[in-house]
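Presented below is the structure to which this report refers.
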């Protein structure tokens, strides 16, 4: 633990806690302050002036990162239509079918990271809400996981599409890559998140929309970013 403490102390020295870094500066710095031996995940967190209890401020959606997230996700595609399942298969879905997978989920099977489904499956999936909901696995039209374009949805996920959702404190955390990513690619991903957050601003927000933005590796100090979404 003493060794880890020393690493963190050294990493903290690299970050000026009084400064708001540009996206490019932060993308370069976050690679240097990670204190793990493994390829750490990099997350950007937006602290927003939102009240998630208000429907229009309960932000949820997805972002197609230009350079992917660095994470491979297992996709389960569900549909009653064979043509749609073939689309999903050709797009690279790890699992595709219908009732047989619903039965497996009921039995405790969760060897997947995300479900995409055509609307005709939502009645049955709704019955599994108590199982899928707490795990964040219920498909949702807002995130593009309930769609007739099953193949397209699978392709986007495999190419690095990530979901986001505001928490009860008004924070939105989004994975933007790995510390092994080139700094320019990390910066491009972060900018894509900024663009989506700016576009998602509810009309009912009064005052300052963005309270602060930070970038951090899995283990290491956070880096304050500019709050200008333009």
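Residue numbers (the working numbering): 3 to 232. From the three backbone atoms N, C-alpha and C, an ideal C-beta is built for every residue, glycine too.
Taking 8 Å as the cut-off, the beta carbon of residue 189 is found no closer than this to the beta carbon of residue 231. Note that the C-beta distance between residue 224 and residue 51 is not below 8 Å. The criterion of a C-beta distance shorter than 8 Å is satisfied by residue 194 and residue 65. The Cβ-Cβ distance between residue 95 and residue 77 falls below 8 Å.
Sequence-distant partners of residue 219 (beyond 5 residues in either direction) whose C-beta falls short of 6 Å from its own C-beta, in its chain, are 32, 36, 42, 44 and 181.
The beta carbon of residue 221 is closer than 6 Å to those of 37 and 38 in its chain, skipping five residues each way along the sequence. Taking a contact as a CB-CB distance under 8 Å, the pair residue 75 and residue 159 counts as one, their CB atoms being some 6 Å apart. Here the C-alpha atom of residue 162 lies approximately 13 Å from the C-alpha atom of residue 187. Taking the Cα positions, residue 112 is about 10 Å away from residue 103. Here the alpha carbon of residue 109 sits roughly 27 Å from the alpha carbon of residue 153.
Exposed is the label assigned to residue 143, since fewer than 16 other Cβ atoms lie within 10 Å of its Cβ.
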